[in-house]
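Scroll down for the structure; my scribbles are underneath it.
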Amino acid sequence: MKSALAESGIFYCYLDDFYSGNSEDIKKNALFKEMYRWIDNSVHLNVNDMFDAALRNTRIEMSPAERRQFYEKHIRHMTLTIDENGNVSIELKRG
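Right, dumping it as structure tokens:
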């Protein structure tokens with residue numbers, strides 16, 4: 019059932035008594051698919067562009083080795099933080 023729906027491009031549908039097995043998997047997959055679609059349409063961040071802009075705006079020059087080291091230490095390990103209202107912020111590793 020799930021594969022037939024997916025092959026038809028239907029990732030979620032109203033479930034009734036006609037199908038009672040594995041409905042939790044279908045619901046969960048539909049939610050994830052829709053959330054990924056929303057994220058793809060709403061958020062775009064390229065950390066290389068961000069780093070280049072930060073260097074340009076601060077007029078800081080770094081060698082390729084320094085850039086790699088900074089990237090690996092501070093940017094690569096960034097994390098998402100979610101507040102009590104559901105707002106997301108990105109935290110760079112500062113240490």
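Quick note: the sequence shown uses the numbering used here, first residue 19, plus one each step.
C-beta: ideal position from N, C-alpha, C; glycine also.
Since we're looking at a predicted model, the values are computed, not measured.
I78 places its beta carbon 8 Å or farther from that of M96. Around the beta carbon of I44, 16 or more other beta carbons sit within 10 angstroms, so the residue counts as buried. Assignment of beta-bridge partners to I108 by DSSP yields L98. K111 and G104 have their C-alpha atoms spaced approximately 21 Å apart.
In the structure shown, E25 falls within a helical segment according to DSSP collapsed to helix, strand and coil.
Between V65 and I93 a beta carbon distance of about 5 Å is seen, short of the 8 Å cut, so the two are scored as contacting.
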